[in-house]
Structures are given as structure tokens and as C-alpha cells.
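Notes follow once the structure below has been shown.
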Amino acid sequence: MKKFIKNNGTFIALIFLVIILSFLSPSFLSSRNLTNLVRQVTINGIIAVGMTMVILLAGIDLSVGSVVGLSAVTVTLLMQAGFGMWLAILVTLIGVGGVIGFFNGFMSAKFDIHPFIITLGIMTIARGLSLVLTQGVSVPVTNLTFAEIGSGYIPKLPSLIILVVALVLGIFAVFKTSIELKNGEKVRNKARLTGGIILTIAGFIAGFFTFIGYQGIPIPVAIFAVIVMAGIYTLRKTRFGRKLYAIGGNEKVAWLSGINILKSKTMVFVITGVLSAASGILLASRLNGASPNLGDGFELDAIASVIIGGTSFMGGVGTITGTVIGAIIIGVINNGMSLLGINTFYQMIVKGFIIILAVMIDVLNRRETA
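Everything in the sequence shown is counted per the working numbering, starting at 27 for the first residue and increasing by one.
Printed below as a string of C-alpha cells:
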């Protein structure tokens with residue numbers, strides 16, 4: 027039981043948080059509110075997937091919030107200038123997210139400058155560019171089809187089929203990943219198996235009542251799910267993912283073993299930049315416009331989600347699954363406090379304390395295992 031609680035502490039904390047808020051606010055568990063909650067989590071969650079990889083390298087990216095804002099502004103202005111929707115999206119993903127991510131990764135890895143410094147500078151530059159491009163005012167979306175990406179839904183029947191398929195694949199994946207090597211033999215980790223099955227079934231039930239009880243799966247949520255699955259596969263099953271854990275665990279040893287540190291770090295920041303740009307595009311679509319201050323503070327939510335989800339600031343330890351749960355916890359806190367009429371300023375204070383607590387727990391766990 028102790029091992030189960032330790033392995034699934036974040037998920038258990040989420041359950042308790044949901045129970046408490048459901049008593050404090052009867053409307054919290056309504057299908058409409060839960061759908062809006064998940065839609066909000068999606069924006070932060072997409073950024074947090076990339077941030078997980080950055081923090082796995084013992085790095086940090088403070089520019090993601092500004093990239094969200096600049097991307098939202100860019101895609102909106104490109105469509106106003108006559109660009110087709112998909113071309114505007116592609117140019118924004120590559121020209122904003124990809125280019126900024128490449129600069130962050132290349133500069134920090136090539137010249138051995140801590141990412142904190144580089145991304146802090148880019149954060150300011152990107153925010154300034156947003157203000158220059160918009161002259162400090164909001165810009166509206168002129169393409170009606172574009173608005174459907176951020177606010178549209180997958181119909182209920184296809185949504186139900188997607189949920190059932192996800193349940194089956196999820197349970198299959200849990201059984202497969204619960205096997206580990208112990209003394210040269212393959213054994214099943216019962217705590218991981220139990221926690222994984224509970225998490226998968228709980229996700230299906232929550233998805234059923236949330237989405238089928240309302241209008242179906244929101245399109246941004248489906249996009250987020252694909253990104254999460256791609257992220258999980260990348261970290262667990264690819265050489266690139268294993269390299270990230272190796273670099274985060276001990277960069278010098280990773281370099282001596284032949285891993286290209288420059289290439290790996292640059293690629294991680296490019297991925298994070300592109301995902302941040304994708305979040306900005308989805309946000310502009312949902313809001314039907316963009317403002318120069320869009321994305322302000324998003325980096326804090328992304329970092330909090332990653333740390334709460336169990337990724338170590340020291341690098342080398344962490345999972346996308348944990349980050350998703352962390353993002354949901356941050357979303358639940360934001361949503362719950364809003365429903366209770368608590369000022370957003372207090373929300374920032376609460377999230378700050380949560381980050382400190384999560385880092386303290388990480389440090390204590392490392393001392394315990396040292």
C-alpha cells in the first residue's frame with residue numbers, strides 16, 4: 027500500500043482535490059464545466075509536454091508564454107494579410123515556434139549558457155514583438171473556419187468510439203509497461219499495474235460523463251491527446267527519448283558515451299517552441315482573436331504542471347503521464363478557485379506555494395534514494 031501511494035501520490039491528490047471542490051461548488055462536476063476545464067487544461071498541457079523534455083535535461087524555458095502570445099498574433103495577422111488558414115498555421119509553427127526554439131537550444135548548448143538566461147531574453151523579445159506587431163491592441167480573427175479548430179467538437183458517437191478505443195489501448199499499454207527487469211528476470215510491477223489500470227479506467231469514466239454528457243470531445247482535446255501519446259512514445263520507446271534521460275542524469279557521462287548533446291538539446295527546445303506555438307494558435311482560434319499580452323504567465327503553469335507531475339528539476343527523472351496529471355491539477359485549482367469567486371491574484375500565490383512544495387518533495391526523495 028505504501029508503495030502504491032508513493033507511485034500514485036499525484037493522482038490521489040487530484041482525486042481528493044476534485045472531491046473537495048465538488049462539495050464546495052455543486053456546479054464543478056457539471057458536464058459543461060468539466061468540458062471547459064479540460065479545454066483550458068489543453069492549452070497548458072501542450073506546452074507542458076515540451077517543458078517536460080526541457081526539464082528532463084535539467085533546463086528550463088521561460089519563453090513559452092511569450093511564444094504563445096507571438097504565435098497567436100502572427101497566425102491572426104497572416105490570415106488578415108490573405109494567407110490561407112493552413113499556410114498561416116504552418117508558417118507560425120515553423121517561423122515562430124521552430125525558429126525561437128532552435129535559437130534557445132542552439133545558443134544554450136553551443137555556448138554553454140544556462141537556458142534560464144537565453145529564454146529570459148527571448149521571453150522579453152517575443153513579448154515586445156507582439157506589442158510592435160499589434161500596436162498594443164487586440165487583433166480579430168477574420169477566417170471563420172479557423173475559429174472551429176479551437177471551439178469545435180467531435181460528434182458524440184465518434185467521441186464514444188474514440189474513448190472505448192483509448193480505454194482498450196490504455197489497458198494494453200499498462201500491462202505492457204508494468205513489466206520490468208529484476209535480477210535479470212522479467213517481473214510485473216503490481217503497484218504500477220494497479221495504478222495504471224485505475225488511472226485508465228478513471229480517465230474513461232471521466233471522459234464519458236464529461237464529453238458524452240455535453241457535446242462530444244472538443245477538437246483541442248483530441249489534438250492534445252495525440253501530442254501526449256506521441257510524447258509518451260518518444261520518451262519511452264525511442265533512442266532520442268533514452269538520450270534525454272541520459273543527458274539529464276549525467277551530461278558528462280552522456281557526452282563520453284557518444285551522445286550528441288548539441289543536437290539533442292536543440293531538438294528538445296525546437297519541440298517545445300513548436301508546441302508553444304500550437305497552443306497559441308489554438309488559443310487564438312478559441313478566443314477568435316489575439317492580444318499582445320496573451321500567454322502572460324503561461325510558463326509558470328507549465329513549469330508547475332511538470333514539477334507537480336514528478337519531473338525532477340535536477341534532470342533525468344520524469345514522465346509525460348505525470349505531467350498530464352500535474353496539468354489537470356493546475357487546471358482544477360484555477361477552475362475551482364474561479365467558481366468559488368477567489369481573486370486570480372490569490373491563485374498565483376497558491377500555485378507558487380505548490381511549486382515550492384513539489385520541489386521540496388523532489389529534493390527529499392532524492393536524498394532518500396541517494
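Here a beta-carbon is modelled for each residue, glycine too, at the ideal position from N, C-alpha and C.
The beta carbon of Ile354 is closer than 7 angstroms to those of Leu40 and Val67 in its chain, skipping five residues each way along the sequence. Annotation: Ser53 is outside any alpha helix (DSSP H) and is labelled neither H nor E by DSSP. In this model, Asn369 and Ile375 are separated by some 10 angstroms (Cα to Cα). With a threshold of 16 other beta carbon atoms within 10 Å, Glu325 meets it and is buried. Closest in alpha carbon position to Arg262, among Asn70, Thr236, Ser53 and Met79, is Met79. In this structure, the alpha-carbon of Gln161 lies about 18 angstroms from that of Thr168. By the neighbour-count definition (other C-beta atoms within 10 Å, threshold 16), Lys216 is an exposed residue. In the three-state reduction of the DSSP assignment, Ala316 falls in the strand class, which pools E and B. The stretch 120-128 makes no contact with the stretch 183-195, as fewer than three CB pairs between them are under 8 angstroms.
Beyond the five residues adjoining it in sequence on each side, Ile188 comes within less than 8 angstroms, by CB distance, of Ile180, Ile243 and Ala248 in the same chain, given in chain order. Contact check for Gly336 against Gly321 fails: the beta carbons are separated by 8 angstroms or more. Counting the other CB atoms within 10 Å of its CB gives Lys136 a total below 16, which places it among the exposed residues.
Counting along the chain, Gln106 sits inside the alpha helix (DSSP H) bounded by residues Val90 to Gln106.
Apart from the 5 residues on each side of it in sequence, Ile359 sits with its Cβ closer than 8 angstroms to the Cβ of Leu43, Gln373, Val376, Lys377 and Ile380 in its chain, given in chain order.
When secondary structure is reduced to three states using DSSP, Tyr259 falls in the helix class. Using a Cβ distance threshold of 8 angstroms, Pro318 and Val101 do not count as a contacting pair. Inside the stretch 258-334, DSSP marks whole alpha helix (DSSP H) runs of 4 or more residues at positions 265-275, 277-282, 287-313 and 324-334, from first to last along the chain.
Short of 8 angstroms from the beta carbon of Ile115, and not among the five residues preceding or following it, lie these beta carbons of its own chain, in chain order: Val101 and Ile307. Exclusion of the five residues before and after Val254 leaves Val75, Ile346 and Val350 as the residues of its chain whose Cβ lies within less than 7 angstroms of its Cβ. Contact annotation: Ala316 and Ser92 have beta-carbon atoms that are not nearer than 8 angstroms.
Around the C-beta of Gly35, fewer than 16 other C-beta atoms lie within 10 Å, and the residue is accordingly described as exposed.
Gly274 and Lys202 have their C-alpha atoms some 25 angstroms from each other.
DSSP places Val165 in the strand class (E or B) of the three-state scheme. Straight through space, the alpha carbons of Asn59 and Ile38 are spaced by roughly 21 angstroms. Classified as exposed, Ser48 has fewer than 16 neighbouring CB atoms from the shown chains inside 10 Å of its CB.
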